[in-house]
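J.: Here numbering that gives the first Met the number 0 is used: the first residue of the sequence shown is 0, the next is one more, and so on.
Glycine residues also receive a C-beta, built at the ideal position from the N, C-alpha and C atoms.
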Amino acid sequence: MQEFEDDYYAILGVEHDAAPEEIRKAYISLAKRLHPDRFPNDPEQREIAQRQFAKVTRAHDIVSDSERRAEYDALLMLKKKKESKDKEASENNGEGGVSEGGAEDIDKTIKMTALEMGETINTKWANKHLERADDLLKRRRYQEAETAMKEAIRLVPNEPRYHNKLAEIYYARGWLTLAMTEVQTSLRIDSRDSTARNLEVQIKAATRSQESSRANTKAKKGFLEQIKEILTRKL
């Protein structure tokens, strides 16, 4: 659980006993500095900011909520306790005095708590990316919308809604092959997903129309070339 190896307080630049108002001010300051919209003309820097912004927001989501903060603080205490037991066991060199089962129980509790917290926070943050991408799509800011949805999918890979939204973005850009790939991914997750099925129909229709248009253009070009050849011969 990589995200729970980080110290959320350190990410926000506050002490572990920081007051809620101090945490809020620290988050606002970092959010303004790291917001991806500050780099509209620099895709590389925007993606870096997107990752940093996600990390800061994830930390804030945990420590700004009193219940989740209490769970997180308890998790930190468990980790410290396990580290202490591991160190003691190492110093004793396996000669007894520290129960391996006790350390294993602590480790199991840490992993279970981290997993539950991770799933909750990742889904919440992924949904924020979805909302942002939807707004960006309406404003035709396709690249930013695509970046937002890729981050949502990174956080929660097996949610059809996120793949469907990325498919919509690709469809709007005329990237039909990529759009169909996302739809197929969505249907592998849930074969009955109605949004994915509707998108599949739309993309197939657009693909046929695109192929027909290309064929007509090619035929027209061939006819014009024949006329040009006839005129050239006469001259």
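Along the alpha helix (DSSP H) that carries Glu43, what are the first and last residues, could you check?
T.: 42–62
J.: Skipping 5 residues on each side, what residues in its chain have a beta carbon closer than 7 Å to that of Val13?
T.: Glu21, Ile22, Ala25
J.: Buried or exposed: which applies to Asn121, given that a residue is buried once 16 or more other Cβ atoms fall within 10 Å of its Cβ?
T.: Classification of Asn121: buried, given that the 10 Å Cβ count is 16 or more.
J.: Threshold first: 4 residues or longer. Then list the alpha helix (DSSP H) segments lying entirely within the stretch 127–198, N to C.
T.: For the stretch 127–198, whole alpha helix (DSSP H) runs of length 4 or above, ordered along the chain, are 141–154, 159–171, 175–188.
J.: Beta carbon of Ala125, beta carbon of Glu158: below 8 Å?
T.: yes
J.: Please state whether the Cβ-Cβ distance between Leu165 and Met179 is less than 8 Å.
T.: Going by C-beta atoms, Leu165 is not nearer than 8 Å to Met179.
J.: Pick from Ser193, Asp6, Asp16: whose alpha carbon is nearest that of Arg57?
T.: Sorting Ser193, Asp6, Asp16 by C-alpha distance to the C-alpha of Arg57 places Asp6 at the top.
J.: Whose C-alpha, out of Ala48, Glu43, Pro42, Val62, is nearest the C-alpha of Leu11?
T.: Val62
J.: Between which two residues does the alpha helix (DSSP H) holding Arg32 run?
T.: 19–33
J.: Alpha carbon to alpha carbon, how far is Arg172 from Phe52?
T.: 26 Å
J.: Does DSSP put Glu14 in a helix, a strand or coil?
T.: DSSP places Glu14 in coil when its eight states are reduced to three.
J.: Classify Ser65 as buried or exposed, calling it buried when 16 or more other Cβ atoms lie within 10 Å of its own Cβ.
T.: Exposed is the call here.
J.: Going along the chain, which residues of its own chain have a beta-carbon closer than 8 Å to the beta-carbon of Ala9, five neighbours each way excluded?
T.: none
J.: Take Tyr170 and list the residues in its own chain whose beta-carbon comes closer than 8 Å to its own, dropping the five residues that flank it on each side.
T.: Correct list, in chain order: Ala178, Leu198, Gln201, Ile202, Ala205.
J.: With DSSP collapsed to three states, give me the class of Asp36.
T.: helix
J.: Run through DSSP, which three-state label would Asp72 get?
T.: Three-state result, Asp72: helix.
J.: Nearest to Val55 by alpha carbon, out of Ile27, Asp72, Gln44, Lys79?
T.: Ile27
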